[in-house]
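Residue numbers (the numbering used here): 1 to 74.
The beta-carbon is built from N, C-alpha and C at its ideal position, and this holds for glycine as well.
Remember, predicted model here, so these are calculated numbers, not experimental data.
Read through the structure below, which is laid out as structure tokens, and then see the notes.
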Amino acid sequence: MSIETAREILAGLAPEISPDEVTADADLVDDLRLDPLTRYALAFALERALTIQIPDSRVAQARTIADLLEDSAS
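Have a look at this one:
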């Protein structure tokens with residue numbers, strides 16, 4: 001997993017979030033305050049940057065960045 005990649009992506013998607021807040025276990029809604037559209041944008045950007053596939057069902061259910069990346073297919 002690349003938390004640095006997630007930090008870089010979120011810097012563009014949600015610049016109000018401090019990079020220090022972006023951890024593997026940070027809650028996407030409660031800690032990072034991501035709305036559903038931004039969560040999907042993050043997942044799409046992670047797929048492209050890391051050359052992986054994240055199922056839509058996982059994006060909908062994920063609570064953390066670690067959840068998004070868990071068992072992602074390359």
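The three-state reading of DSSP puts T64 in strand, counting E and B together. Distance from the Cα of D25 is smallest, within the candidate group P36, A6, L50, for A6.
The criterion of a C-beta distance shorter than 8 Å is not satisfied by I3 and A49.
With a contact defined as Cβ atoms closer than 8 Å, L28 and L46 miss out at about 12 Å.
Between I54 and A43, the CB-CB gap stays under 8 Å.
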